[in-house]
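A quick write-up on the structure given underneath.
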Amino acid sequence: MPSATAERAAAPHGLPAPEVVLLAETDAGAGLTGAVAARRLAALGPNALPERRGPGRLRRFLGQFHHPLIYVLLGAGALTFALGEVVDASVVLAVVLVNAVVGHLQEVRAERALDALVAMVRTTATVVRDGAVTRVESERLVPGDLVLLEEGDQVPADLRLVGVRELRVDESALTGESQPVAKDPLPVPHDTALADRTNMAYSGTLITSGGGRGVVVSTGADTEIGRVHRLVGATEAVQTPLTRKLARFSLLLTWVILGLAVLSVAVGVLRGEPFADMVTAAVALAVGAIPEGLPAAVTVTLAIGVARMARRNAVIRRLPAVETLGSTTVICTDKTGTLTANAMTVREVVAGVTNWRVGGVGYAPHGDVPPVPDAVREVLLAGLACNDADVVERDGRWAPIGDPTEAALVVAARKAGVTGVPERVDELPFTSQRRFMATRHTGGVVYLKGAVERIAEFTGAVDHAEADRLAAQGLRVLAFARAHLPLDVELTEEALRGRAVFLGLQAMHDPPRPEALDAVRACRDAGIEVRMITGDHRATARAIADHFDLAEDAVHARVSPEEKLRLVKELQARGQVVAMTGDGVNDAPALRRADIGVAMGRGGTEVAKQAADMVLTDDDFSTIRAAVEEGRAVFDNLRKFIIWTLPTNMAEGLVILTAIMAGTTLPILPVQILWINMTTAVALGLTLAFEPREPDVMRRPPLPPSLPLLTGALVQRILLVSVVLLAGSFTAFHLSGGAVDEARTVAVNVFVAAQIAYLVNSRSLERFRPHVGLRANPWLPAGIAVTIALQLLFTYAPFMNTLFHTAPIGWASWAFVAALALVAYGVVELDKWWRRR
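Under the UniProt record's numbering, read the sequence shown as residues 1 to 837, first letter to last.
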């Protein structure tokens, strides 16, 4: 507004409509002139959200390599290449490249949230310019334009309404308000919350009924949706617990490997060995100690988790989000459609002394209902007759046409078999001022529906005690009456006074999902705090919260986008891992900031889906619970793989280091180490990704975010197995009695056989699990069979003998290999038994 002061222009909802028109330098009837609109467009720019310029594509792609684990892998590739193993080096580098490409694509998809916001405001608008009604692109709107609104329109800019005709606006995407809001051009206090500014229509919201006109007060980035756009753009996505832990783990592993390599060179040189030979041995040590298969295992395990979650109605948009769910400590959930059915449902009908309860949830017009007394039937008929809504079946789901409250009345009547509404001949429509509706039908019968206090004005006999009882339960209560008015008498409020007879009440609500009640309980049993965050009124939120036994401080009502974002940040500052659900534009900043953002697939906006990490295809809280369960299983399986693979890598490094320090022949060559690492990681290790969930996965608290990837007990397990492998390989090498190549072949097979035994141990990190059986994970016996076949090829195929410096071995050597594998298995199970005690 060019001539307005900043203070007054910033709060148009607090000003009378004529003053807003004056400040905007426009005309309430003729609108702006074309010349003025052109000047303002040139000065202020188009009514569009600004494009966000980030790093270029190449820079963002190169940023994917900026990670300690990637540095380790690049080092592994370089060291492998230095050893002359070009093929193996290429495999390692290919893994790095694939991870970078996947990460880059995930980042690009996350940025689409801003593109979706921009697309939301690209529409056309009906405006009055130079006194004539015309259609213009919404991007060409300027402050001061006079915009006309009709049912079905999308509001093209922030408008101060100057005239309405039974106007109702769906603002749920912006404010979280579950019901369409009735609009009124009268000013409201300057400190009125966004959701209660009834004289404003905001960009991106939808006109559900009626019409009106409004003066544009904000365009582009200055609109409320523009403010959300800035929040989304300024909100950084946080690292997942897994990526943080892997980063710390990788950094520690890097220093350990470098330290051992330097130590081996120093010891060898001090013993008088040639420096070049010691460098080659150190490279072999480093190659053996680096877990080349870890990135592939992480990706495959997460991908399997994605597939399992998809079968349970949760679509994952970013792979690390799978694991994040398993680490979640707080779930901040929306109310409408997530904890509730997002379907207004009549729960009770009061008619005289009769209280008739209605069964069923949602808009399906059928269900078990008790016998219908005549008095109740009359109340239901009034609700069906004094009504502009309907329900229809689409793709197997019943959906409302028109106002959800009126649709609930239609459903209640149909459930009871009430039909036969006489033809309507006249009506008094509902308005925010009138607060009731009346319809006249053939024969002169008139049905009234509306607020309890308004119907009482016409009947004087409303049961206020019952209305108060129902309202105290968080129910929306409507009163119904019937009157007879001759057709030659005009239908007016005055004509109805004294003629109406009170029929009864209908009480409705958006009921809790039955499955959500169990899911919230399961989350609490799993040590996860559940908080309700909603744009609805506090009383409505409190009533639903009582069904879920949520504490007072776990309910946040009437929250703005900034408040949602601030709450997420506060929880994260306390060390919590936060999952945030949402479906509207107003949820996008918090969805992006949360450790895992969860969007609604059915009722959610595209903006929310693009900002989220996970989309629920059924909009059901119980699906979040299922996803948490799968997430915990994924994290368990990742830890199983890491704890299974590290002893092999550590033992391989220790074998090289021990041989150098003892001045003996290497029991295993670098090329043989690469064979072990690359074959067993795929054939054996990846089978752990298919392990079923542990039985107590949802009966234990979430792991603290500060807990390292490897606890002290698990580190001891890794050291124990490493020592067993080290001792077994040296024993096999020195007791084989054959040539060097044959002795090394026995040592390699000891390593692989012990890995097979330890794989069975690792199916559970704490429990003795032979009772689980191989059928629970058919990939495991298949992986073992493939590994055995590869080792036979490695041992007996002449070309493999040439490539890997191996030799055939006899039955006695195989018996020794099997015996050492059994010893390794027994040692780990004894360790489990001791720790359980």
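Built from N, CA and C at the ideal position, the CB exists for glycine as well.
Could you please give me the residues that DSSP links to residue i through a beta bridge?
{"i": "Gln-506", "result": "Val-349 and Leu-478"}
{"i": "Thr-124", "result": "Glu-137"}
{"i": "Leu-32", "result": "Arg-129"}
{"i": "Ser-209", "result": "Arg-168"}
{"i": "Phe-436", "result": "Gly-450"}
{"i": "Gly-214", "result": "Val-147 and Leu-161"}
{"i": "Val-598", "result": "Thr-581 and Met-614"}
{"i": "Trp-398", "result": "Glu-393"}
{"i": "Ala-182", "result": "Arg-168"}
{"i": "His-190", "result": "His-190 is not bridged to any residue."}
{"i": "His-556", "result": "Ile-533"}
Going by DSSP in three states, residue i sits in which element: helix, strand or coil?
{"i": "Pro-561", "result": "helix"}
{"i": "Arg-767", "result": "coil"}
{"i": "Pro-365", "result": "coil"}
{"i": "Pro-18", "result": "helix"}
{"i": "Thr-332", "result": "Here residue 332 is Cys; the residue named in the question, Thr, does not match the sequence. Of the three classes helix, strand and coil, the one that applies to Cys-332 here is strand, per DSSP."}
{"i": "Met-532", "result": "strand"}
{"i": "Pro-723", "result": "Note that residue 723 is Val in the sequence shown here, rather than Pro. In the structure shown, Val-723 sits in a helix (DSSP, three-state: H, G or I)."}
{"i": "Ala-807", "result": "coil"}
{"i": "His-537", "result": "coil"}
{"i": "Gln-473", "result": "coil"}
{"i": "Met-200", "result": "strand"}
{"i": "Thr-340", "result": "strand"}
{"i": "Val-155", "result": "coil"}
{"i": "Val-445", "result": "strand"}
{"i": "Ala-483", "result": "strand"}
{"i": "Val-501", "result": "strand"}
{"i": "residue 844", "result": "Limits of the chain in this structure are 1 at one end and 837 at the other, which puts residue 844 out of reach."}
{"i": "Pro-2", "result": "Because the pLDDT of Pro-2 is 43, which lies under 50, any placement of that residue in the model is unreliable, and the number read from its coordinates should be weighed accordingly. Coil, per DSSP."}
{"i": "Met-650", "result": "helix"}
State the start and end residues of the unbroken beta strand (DSSP E) segment that holds residue i.
{"i": "Arg-424", "result": "424-428"}
{"i": "Thr-354", "result": "354-357"}
{"i": "Arg-394", "result": "390-394"}
{"i": "Ala-407", "result": "Ala-407 -> not in any beta strand (DSSP E); alpha helix (DSSP H) instead, spanning 404-415."}
{"i": "Thr-581", "result": "578-582"}
{"i": "Ala-314", "result": "314-316"}
Please report the straight-line C-alpha distance between residue i and residue j, rounded to a whole angstrom.
{"i": "Gln-154", "j": "Thr-205", "result": "6 Å"}
{"i": "His-484", "j": "Val-445", "result": "5 Å"}
{"i": "Leu-114", "j": "Gly-226", "result": "Its pLDDT being 40, under 50, Leu-114 is placed unreliably in this model, and the coordinates cannot settle the point."}
{"i": "Leu-381", "j": "Pro-511", "result": "23 Å"}
{"i": "Phe-621", "j": "Pro-702", "result": "18 Å"}
{"i": "Met-650", "j": "Arg-312", "result": "39 Å"}
{"i": "residue 839", "j": "Leu-159", "result": "This structure cannot speak to residue 839, because the chain is shown only from 1 to 837."}
{"i": "Ala-364", "j": "Arg-394", "result": "11 Å"}
{"i": "Ala-110", "j": "Val-128", "result": "Because Ala-110 sits at a pLDDT of 41, beneath the cut-off of 50, its placement in the model cannot be relied upon, and the following sentence gives the value as read from the coordinates. Roughly 39 Å between the two C-alpha positions."}
{"i": "Gln-755", "j": "Val-86", "result": "26 Å"}
{"i": "Arg-248", "j": "Val-746", "result": "36 Å"}
{"i": "Leu-231", "j": "Val-181", "result": "25 Å"}
{"i": "Ile-207", "j": "Asp-696", "result": "49 Å"}
{"i": "Ser-762", "j": "Pro-156", "result": "59 Å"}
{"i": "Val-817", "j": "Lys-245", "result": "36 Å"}
{"i": "Arg-558", "j": "Ala-594", "result": "20 Å"}
{"i": "Pro-781", "j": "Val-752", "result": "15 Å"}
From which residue to which residue does the alpha helix (DSSP H) around residue i run?
{"i": "Val-322", "result": "320-327"}
{"i": "Cys-523", "result": "514-525"}
{"i": "Ala-195", "result": "Here Ala-195 belongs to no alpha helix (DSSP H), and DSSP marks it neither H nor E."}
Taking only heavy atoms of the ligand PLP into account, decide whether any of them is closer than 7 Å to the Cβ of residue i.
{"i": "Val-376", "result": "Absent from the structure shown: the ligand PLP. Ligands present: none."}
Checklist entry - Are at least three pairs of beta-carbons, each pair with one atom in the region 297-311 and one in the region 320-327, less than 8 Å apart? => result yes
Next on the checklist: Whether or not the region 682-692 and the region 793-800 are in contact is what I'm after, with contact meaning three or more pairs of Cβ atoms, one per stretch, closer than 8 Å; do they touch?
Outcome noted: no
Checklist entry - On the three-pair Cβ rule with 8 Å, is the region 726-738 touching the region 778-792? => result no
Checklist entry - Given 8 Å as the limit, is there contact between the region 398-407 and the region 374-381, that is, 3 or more CB pairs closer than that? => result no
Checklist entry - Should the region 571-584 be called in touch with the region 263-281, which here means at least 3 C-beta pairs below 8 Å? => result no
Next on the checklist: With three or more C-beta pairs closer than 8 Å as the rule, is the region 579-596 touching the region 330-342?
Outcome noted: yes
Checklist entry - Given 8 Å as the limit, is there contact between the region 17-33 and the region 138-145, that is, 3 or more CB pairs closer than that? => result yes
Checklist entry - So does the region 427-436 actually touch the region 445-457, counting three or more Cβ pairs closer than 8 Å? => result yes
Next on the checklist: When you compare the region 507-522 with the region 383-391, are there three or more beta-carbon pairs, one atom per stretch, that lie closer than 8 Å?
Outcome noted: no
Next on the checklist: Under 8 Å: do the region 164-175 and the region 186-206 share three or more Cβ pairs, one atom per stretch?
Outcome noted: yes
Checklist entry - Below 8 Å, can you find three or more Cβ-Cβ pairs linking the region 813-833 to the region 708-725? => result yes
Next on the checklist: Measuring CB atoms only, is the region 618-637 touching the region 334-353, in the sense that at least three cross pairs come out at less than 8 Å?
Outcome noted: yes
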